[in-house]
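The block underneath contains the structure these notes are about, expressed in structure tokens.
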Amino acid sequence: MSDRDLLDPGGSATGGEQLPPELRDAVRLRGEPVPRAADGVDGDELRSPGEDIPIVGGAVRFLDERTGLATFGRTALQKVFPDHWSFLLGEVAAFSFIVLLLTGTFLTFFFRPDATPTTYTGPYGPLDGATVSSAFASVMQLSFQVKAGLLMRQVHHWTALLFVAAIVTHLLRVFFTGAFRRPREVNWIIGFGLLTIALGEGFSGYSLPDDLLSGTGLRIAYSAALSIPFIGPWFASLFFGGIFPSPAFISRLFVIHVMLLPGALIGGISIHLLIVWLQKHTQYKVPGATERNVIGLSLWPGQTFRSVGLFFLTVAVVTLLGGFFQINPVWEYGPFIPYTAASPAQPDYYIGWLEGLLRMAPGWQVTILGITIPEPFVPGVVLPGLLFGAMWAWPFIEARITGDHREHNLLDWPWEAPWRAATGAAFAGIFVVLMLAGANDVIGAWLGIPVETLTVLFRVLIFAAPVAAWLVVYWLARARLERGSGPIEPPGGVALRRNASGGFEELHDRATIEASVGTAGKR
Amino acid sequence: MSVGLDGRPDREYSAPRVRRRPPTPAEARAEVIVGALFVLTMLAGLALLLVYLVGGDTQIQGLLLTLAFGGIGAGIVIWAQWLLGTHEAIEDRHPIMPERDDASMAGEAATREAEAGFTRRHLLIGLMFGALGGLGAALLIPVLSLGPAPGRDLFVTAWKKGSRVVGLDGKPVRADQLPVDGVLTVFPEGSVGDAMAQTLLIRVPPDLMRLPADRMAWAPEGYVAYSKVCTHAGCPVGLYRASQHRLICPCHQSTFDVLDGAIPTFGPAARPLPQLPIQLQPDGTFVALGGFPGPVGPSFWNMTSEGGS
Chain A
8 MSDRDLLDPG
18 GSATGGEQLP
28 PELRDAVRLR
38 GEPVPRAADG
48 VDGDELRSPG
58 EDIPIVGGAV
68 RFLDERTGLA
78 TFGRTALQKV
88 FPDHWSFLLG
98 EVAAFSFIVL
108 LLTGTFLTFF
118 FRPDATPTTY
128 TGPYGPLDGA
138 TVSSAFASVM
148 QLSFQVKAGL
158 LMRQVHHWTA
168 LLFVAAIVTH
178 LLRVFFTGAF
188 RRPREVNWII
198 GFGLLTIALG
208 EGFSGYSLPD
218 DLLSGTGLRI
228 AYSAALSIPF
238 IGPWFASLFF
248 GGIFPSPAFI
258 SRLFVIHVML
268 LPGALIGGIS
278 IHLLIVWLQK
288 HTQYKVPGAT
298 ERNVIGLSLW
308 PGQTFRSVGL
318 FFLTVAVVTL
328 LGGFFQINPV
338 WEYGPFIPYT
348 AASPAQPDYY
358 IGWLEGLLRM
368 APGWQVTILG
378 ITIPEPFVPG
388 VVLPGLLFGA
398 MWAWPFIEAR
408 ITGDHREHNL
418 LDWPWEAPWR
428 AATGAAFAGI
438 FVVLMLAGAN
448 DVIGAWLGIP
458 VETLTVLFRV
468 LIFAAPVAAW
478 LVVYWLARAR
488 LERGSGPIEP
498 PGGVALRRNA
508 SGGFEELHDR
518 ATIEASVGTA
528 GKR
Chain B
83 MSVGLDGRPD
93 REYSAPRVRR
103 RPPTPAEARA
113 EVIVGALFVL
123 TMLAGLALLL
133 VYLVGGDTQI
143 QGLLLTLAFG
153 GIGAGIVIWA
163 QWLLGTHEAI
173 EDRHPIMPER
183 DDASMAGEAA
193 TREAEAGFTR
203 RHLLIGLMFG
213 ALGGLGAALL
223 IPVLSLGPAP
233 GRDLFVTAWK
243 KGSRVVGLDG
253 KPVRADQLPV
263 DGVLTVFPEG
273 SVGDAMAQTL
283 LIRVPPDLMR
293 LPADRMAWAP
303 EGYVAYSKVC
313 THAGCPVGLY
323 RASQHRLICP
333 CHQSTFDVLD
343 GAIPTFGPAA
353 RPLPQLPIQL
363 QPDGTFVALG
373 GFPGPVGPSF
383 WNMTSEGGS
């Protein structure tokens, strides 16, 4: 038996006859009996649900006597979360967002979104007496004179990097396991929208300090906006408040960064989570898992403890990064001056693929009947739109290809759909090559190869890498699929079967375990 | 029979009771570890306060924050993994598609009937969309206030006929300031630092120049001036590789041949950097013979419509 607290089986909660057929033979690999989560007790008006759980009992009763919410609360407390590390990637993203809101609020108390020129005076000698924007001066003051200001700024920046990384890995998990299939296409679309907004948040954030690097990024964004046929000049002028560099823009960017986009993220995350709640989690094909159930830890206390612990650990990681690893040292770049440029200039990594598109594109520009299609339009607007559009629409594209419009709650292992895994790898290959191409000057200097040679190489790789990735991953997945799934090993536990006399017996070999699952209910 | 928290006897439901027993050695060890981690958080928090008060060092504060958050985080996770147990629960999943019963069918029929009062009136629906379109047009008003019309600002710069060529210090640039293969950022007098008017003055050996015949006069004695705004994405073209007489944009590596009218030789730029016609004055300074012959900076769709103006 387990060495943990024992659940007294004297109650009726796990009585075999009330269980649905697929649960009747309680085979658990974790070495635990199976209490049913949503175990309703009928005809029991006197009691508030949840009272038996000591910590939450009082609060639940208080609320329930006034709102009747406890019925929902009980369901909520016992909501089941599959216990697998890959389900925590999205949580890391959500926790990063909380850290971003908190540290970002601190930063707003010191940052001045103002392009008015001023003279910097402060402890940073090399810039003492330099003419800088008020915004840049406030960032300098925050970094050098406000206690813990630099720490907060660096934690904010590192957390932004983690935020996007967590979203992307979460997205990869969802993609490669087929979690986006019906009925979860909606949440794929919302999640992808959240990623897009997060990219905008990151870009607008590192553009705010008005240093040389951020000014360079904004100028490129302005040029991409300007390149849109017919509406480009109007759009760029209205959005940026005139021809770049416009003094009006920094306060707009500030409102976009601290209000519009965070508001959109809060709304989007809320809907994202609400839909997860309503649809319930997907789950891996662990023994006992079916399309009609969810196996895992209940929200209270198992999942709550793990999530709260994960939150604190996430904060621990970003404070370590923010404390020890310098990021975005704007004093080294200097203030934005329109006639100077930083070299080498690198955006944050999640913008690198856009930079790569711009760098590797050939200088093709046509003018027909007086209408010019500016060069940056295709690599800077059309191709990013197509790449993101294809991934956005992927659930529908896949359903169209496979003809599979059924609901799926059990996840595929990545190799179970070789062509999907291969397509995902091909897309990943495109983005990896683009990111590398966005750093061609740094890589070239590092390897001692002329940038021109590297760029030509990347122009070949952008076609070769996805094809190679597709073939290799397809072959690997097929090989894995043909080898079949390995024996089911209870990870560090034992398999138990409830027997007819009400006791439990240990199962030792795989055949017996599978037979027990397969013959559920036939004693 | 169990007793509820409110003290009333519970008649119909007997909750599974948790049987208390002494902790196993493994649990006792976990309890010690969790306790130690919580103490670590406590101490790190106090130390952080102390460090902050005596001056505050970014690295030490970061480390103490890490210990504080890491301690409580690890403590809670260990608590969950070793002391809470992993009682797996199973929850039923109900089909998402709602079932239709007679009552809901009747309700739908009533709604459909009511809805017909809307869908039948095609003319009114058309007019309603017209009204919404009018409202949309009205909403454009605040949008148009966001910025000036692009107008001719994209086509012209501060350079005009007779503009004196000055350096960053605002003083006229003298020809003898610039050695062969030297390069200087210049502006029209009165517009020092202007983003659109920034120009590069480069001196190359005159006999190497391969400019079109009608533009040779724009580059007196090997002094040639090109717009510094990259025709790709607008970055300042800040790098000059004198050995090859190439200008290189640091943003996307567009490369321009200075000897050959700054036509792009590599990278994403599709247009040459516009050349500024300049004239060497008897006193060794320069003036512009006119503005740039075309728009400077990144391309836009109607850039050829007013070209040459």
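So the protein lines, in turn, are chains A and B. Quick note on our numbering: the first sequence kicks off at 8 and runs consecutively. Quick note on our numbering: the second sequence kicks off at 83 and runs consecutively. Glycine is no exception: its CB is placed at the ideal position from the N, C-alpha and C atoms.
Counting beta carbon pairs with one atom in the segment 182-197 of chain A and one in the segment 141-156 of chain A, are three or more of them shorter than 8 Å? The segment 141-156 of chain A makes no contact with the segment 182-197 of chain A, as fewer than three CB pairs between them are under 8 Å.
Taking the alpha-carbon positions, what's the Leu443 of chain A to Ile469 of chain A distance? Residue mapping note: residue 443 of chain A aligns to position 436 of the first sequence, counting from 1. Residue mapping note: residue 469 of chain A aligns to position 462 of the first sequence, counting from 1. Their Cα atoms are separated by approximately 10 Å.
Suppose contacts are defined by Cβ-Cβ distances below 9 Å. Is Thr176 of chain A in contact with Pro421 of chain A by that definition? Here residue 176 of chain A refers to the residue found at position 169 of the first sequence. Here residue 421 of chain A refers to the residue found at position 414 of the first sequence. Inclusion of Thr176 of chain A and Pro421 of chain A in the CB contact set at 9 Å is not warranted, their separation being larger than that value.
Where Glu208 of chain A falls, given that 16 or more other Cβ within 10 Å makes a residue buried: On the first sequence, residue 208 of chain A is found 201 positions in, with the first residue counted as 1. Residue environment analysis places Glu208 of chain A among the buried positions, since at least 16 neighbouring C-beta atoms fall within 10 angstroms of its C-beta.
By Cβ distance below 6 Å, which residues in the same chain neighbour Ser253 of chain A in space, the five residues on each side in sequence not counted? Along the first sequence, one-based indexing puts residue 253 of chain A at 246. Once the five neighbours on either side are set aside, the close Cβ partners of Ser253 of chain A are Phe247.
Evaluate Ser381 of chain B with the Cβ neighbour count: other Cβ atoms within 10 Å of its Cβ, from every protein chain shown; 16 or more gives buried, anything less gives exposed. Translated into positions along the second sequence, residue 381 of chain B becomes position 299. Classification of Ser381 of chain B: buried, given that the 10 Å Cβ count is 16 or more.
Note down, one range per segment and in chain order, each alpha helix (DSSP H) of at least 4 residues found wholly within the segment 346-417 of chain A. Unbroken alpha helix (DSSP H) runs of no fewer than 4 residues, entirely contained in the segment 346-417 of chain A, are found at 359-367, 390-399 and 401-409, following chain order.
Output needed in chain order: residues of the segment 301-323 of chain B with a Cβ under 7 Å from some Cβ in chain A. Interface annotation for the segment 301-323 of chain B against chain A: Lys310, His314, Ala315, Gly316, Cys317, Pro318, Gly320 and Leu321, criterion Cβ-Cβ distance under 7 Å.
Touching by the beta-carbon criterion (3+ pairs, under 8 Å), the segment 163-171 of chain A and the segment 260-276 of chain A: Verdict: no, contact absent.
Got a sec? Which residues, its chain only, sit under 8 Å from Glu443 of chain B by beta carbon, not counting five neighbours each side? The displayed coordinates of chain B run from 83 to 391. Any statement about residue 443 of chain B would go beyond what the structure contains.
Cβ-based neighbour list, Leu166 of chain B, same chain, cut-off 8 Å, excluding 5 preceding and 5 following: The count along the second sequence starts at 1 and reaches residue 166 of chain B at position 84. For Leu166 of chain B, where only same-chain residues beyond five positions count, there are no Cβ hits under 8 Å.
Assuming Ala129 of chain B contacts Leu146 of chain B under a Cβ cut-off of 8 Å, what Cβ separation, rounded to an integer in Å, is found between them? In the second sequence, the residue the question calls residue 129 of chain B occupies position 47. In the second sequence, the residue the question calls residue 146 of chain B occupies position 64. A Cβ-Cβ separation of about 5 Å places Ala129 of chain B in contact with Leu146 of chain B under the 8 Å criterion.
Is Asn335 of chain A helix, strand or coil by DSSP? Here residue 335 of chain A refers to the residue found at position 328 when the first sequence is read from its first residue. Note: Asn335 of chain A maps to coil in three-state DSSP.
Could you check whether the Cβ of Arg182 of chain B sits closer than 9 Å to any Cβ belonging to chain A? For this step, residue 182 of chain B is matched to residue 100 along the second sequence. Judged by the 9 Å Cβ criterion, Arg182 of chain B is not in contact with chain A.
C-alpha gap between Ser380 of chain A and Thr313 of chain B, whole angstroms: By one-based count along the first sequence, residue 380 of chain A stands at place 373. By one-based count along the second sequence, residue 313 of chain B stands at place 231. Residue identity check: residue 380 of chain A is Ile in the sequence provided, not Ser. Counting only the Cα atoms, Thr313 of chain B lies some 13 Å from Ile380 of chain A.
Quick check on this structure: which residue in B:Ile330, B:Trp300 and B:Arg203 has the alpha carbon closest to the alpha carbon of Lys310 of chain B? Within the second sequence, the letter at position 228 stands for residue 310 of chain B. That would be B:Ile330, whose Cα lies nearest to the Cα of Lys310 of chain B.
Candidates A:Asp448, A:Asp355, A:Ser314 and A:Val293: closest to Ser103 of chain A by CA position: Residue mapping note: residue 103 of chain A aligns to position 96 of the first sequence, counting from 1. For Ser103 of chain A, the closest of A:Asp448, A:Asp355, A:Ser314 and A:Val293 by C-alpha to C-alpha distance is A:Ser314.
If you draw a straight line from the C-alpha of Phe120 of chain B to the C-alpha of Gly309 of chain A, how long is it? Within the second sequence, numbered from 1, the residue matching residue 120 of chain B stands at position 38. Within the first sequence, numbered from 1, the residue matching residue 309 of chain A stands at position 302. Taking the Cα positions, Phe120 of chain B is about 19 Å away from Gly309 of chain A.
Local conformation of Arg102 of chain B per DSSP, three classes: Translated into the one-based positions of the second sequence, residue 102 of chain B becomes position 20. Of the three classes helix, strand and coil, the one that applies to Arg102 of chain B here is coil, per DSSP.
Answer with yes or no whether the minimum CB distance from Pro336 of chain A to chain B is below 9 Å. As a first step, residue 336 of chain A is located in the first sequence; it is residue number 329 there, counting from the start. No, Pro336 of chain A lies away from the interface with chain B (no Cβ there is under 9 Å from its Cβ).
Run down chain B in chain order and give the residues with a C-beta less than 8 Å from the C-beta of Trp106 of chain A. Residue 106 of chain A sits at position 99 when you count from the first residue of the first sequence. According to the sequence shown, residue 106 of chain A is Val rather than Trp. Taking the beta carbon of Val106 of chain A as reference, no residue of chain B falls within 8 Å; the closest one sits roughly 10 Å away.
Chain A within 9 Å of His169 of chain B, Cβ atoms only: Your numbering for residue 169 of chain B matches position 87 in the second sequence. Cβ-Cβ to chain A under 9 Å: yes for His169 of chain B.
Please state whether the Cβ-Cβ distance between Pro318 of chain B and Thr138 of chain A is less than 9 Å. Along the second sequence, one-based indexing puts residue 318 of chain B at 236. Along the first sequence, one-based indexing puts residue 138 of chain A at 131. It is not a contact, given that the beta carbons lie outside the stated cut-off.
DSSP three-state label for Gly451 of chain A, please. Locating residue 451 of chain A in the first sequence gives position 444, counting from the first residue. Of the three classes helix, strand and coil, the one that applies to Gly451 of chain A here is helix, per DSSP.
Measuring straight from C-alpha to C-alpha, what distance separates Tyr430 of chain A and Trp477 of chain A? Along the first sequence, one-based indexing puts residue 430 of chain A at 423. Along the first sequence, one-based indexing puts residue 477 of chain A at 470. Strictly speaking, residue 430 of chain A in this sequence is Thr, with Tyr absent from that position. Between Thr430 of chain A and Trp477 of chain A, the alpha-carbon positions lie close to 6 Å from each other.
Thinking Ala100 of chain A and Ala173 of chain A are a contact (beta carbons under 8 Å), I'd like their distance in whole angstroms, please. Mapped onto the first sequence, residue 100 of chain A falls at position 93. Mapped onto the first sequence, residue 173 of chain A falls at position 166. The pair is a contact, with the Cβ atoms about 4 Å apart (cut-off 8 Å).
Straight-line Cα distance separating Leu214 of chain B from Ala196 of chain B: Position 114 of the second sequence, counted from the start, is the residue given in the question as residue 196 of chain B. Position 132 of the second sequence, counted from the start, is the residue given in the question as residue 214 of chain B. Distance between the alpha carbons of Ala196 of chain B and Leu214 of chain B: 23 Å.
Does chain B have any CB closer than 9 Å to the CB of Arg31 of chain A? Against the first sequence, residue 31 of chain A aligns to sequence position 24. Confidence at Arg31 of chain A is low in this model, with a pLDDT of 41, below 50, so its placement is unreliable and no value can be given for it.
I'd like to know if Trp241 of chain B contacts chain A, where contact means its C-beta is closer than 9 Å to some C-beta of that chain. Position 159 of the second sequence, counting from 1, holds the residue named residue 241 of chain B. Proximity of Trp241 of chain B to chain A, defined by a Cβ-Cβ separation below 9 Å, is not satisfied.
Ala428 of chain A burial status per 10 Å Cβ neighbour count (16 or more: buried): Taking the first sequence and counting its residues from 1, the one referred to as residue 428 of chain A is at position 421. Counting Cβ neighbours within 10 Å, Ala428 of chain A comes out buried, since at least 16 surround it.
Could you check if Thr123 of chain A is buried or exposed, using at least 16 other CB atoms within 10 Å of its CB as the buried criterion? By 1-based counting over the first sequence, the position of residue 123 of chain A is 116. Taking a 10 Å sphere around the C-beta of Thr123 of chain A, we find fewer than 16 other C-beta atoms and assign the residue as exposed.
Looking only at C-alpha atoms, which of A:Ala296, A:Phe69, A:Ile227 and A:Tyr213 sits nearest to His264 of chain A? Counting from 1 along the first sequence, the entry for residue 264 of chain A is found at position 257. Checked all of A:Ala296, A:Phe69, A:Ile227 and A:Tyr213; the closest Cα to His264 of chain A is A:Tyr213.
Just to confirm my understanding: we take Val283 of chain A, look at its own chain, exclude 5 residues before and 5 after, and list those with CB closer than 7 Å. What are they? To locate residue 283 of chain A, count along the first sequence from 1; it is residue 276. In its chain, beyond the 5 residues on either side, Asn194 have a beta carbon closer than 7 Å to the beta carbon of Val283 of chain A.
Mind checking if Ala392 of chain B is an interface residue toward chain A, Cβ cutoff 9 Å exclusive? Lying outside 83 to 391, the shown extent of chain B, residue 392 of chain B is not represented and no answer is given.
The alpha helix (DSSP H) spanning Phe117 of chain B covers which residue range? For this step, residue 117 of chain B is matched to residue 35 along the second sequence. The identity of residue 117 of chain B in the sequence shown is Gly, whereas the question assumes Phe. Element bounds for Gly117 of chain B: Pro107 to Leu135.
Give me, in chain order, the residues of the same chain whose beta-carbon lies closer than 7 Å to that of Ala446 of chain A; leave out the 5 immediate sequence neighbours on both sides. By one-based count along the first sequence, residue 446 of chain A stands at place 439. Answer for Ala446 of chain A: Gln353 and Gly359, listed in chain order.
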